[in-house]
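Quick note on numbering: the sequence shown equals residues -28 to -1, 1 to 114 in mature numbering (1 follows the signal peptide of the UniProt record, and there is no 0). Beta carbons are placed, not taken as given, at the ideal position from N, Cα and C, and that holds for glycine. Below is one structure, written out as structure tokens, with a few remarks after it.
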Amino acid sequence: MAINFPKWLAVLATILALLVLMPVTTSAATFGFHTPSKAIYASAASLVTTYPSFADLDLTPLQRQRLQSVLQRRNKEIQAVLGISQRDTLRHQIHSGHSFNQALLSLELQPEQQHLIKAIEQLTSLKLKALLVKYSVPSVSN
């Protein structure tokens, strides 16, 4: 019995160490709360962010190009979320003179599509803010 006790103690210590040192993993499964996410059912009016005009900023051509590339990437990601008929409707709306935001709002989007577009908009907003901060000249205070 004296030999078995140290073995069991070592096994328990190993299990305890694994439980304490193991990183916490999150589960993608729902836990039965079934409350609808507010982000999914957000109003369509707050779906697309309106960005300021970059013409007012004193930027070099390279800086303008980088900002435009972020917006073009946003457009590609949003088009990847849309279905074929939705893309055609979006293209038609833009060619008929509507802004990108107005064209997106005119589409009949599923809640999941609205959620993805909102996430793309948030990511784009963060990228633009990071670029604008990178290009800003820090003010010197005395």
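- The region 80 to 94 makes contact with the region 49 to 69: 3 or more CB pairs, one atom from each, lie closer than 8 angstroms.
- Contact fails between the region 99 to 106 and the region 52 to 65, because fewer than three Cβ pairs, one in each stretch, are under 8 angstroms apart.
- Annotation for L54: no alpha helix (DSSP H) segment contains it, and DSSP assigns it neither H nor E.
- The beta-carbon separation of Q85 and L43, rounded to 19 angstroms, does not stay under the 8 angstroms limit for a contact.
- Going by beta carbons, L103 and L34 fall outside the 8 angstroms limit.
- Each residue's CA atom was taken as its position, placing V(-18) and A(-12) some 10 angstroms apart.
- Non-local C-beta neighbours of Y107 in its own chain, meaning closer than 7 angstroms and more than five positions away in sequence, comprise L31 and Q35, ordered along the chain.
- Taking 8 angstroms as the cut-off, the beta carbon of L79 is found closer than this to the beta carbon of Q58.
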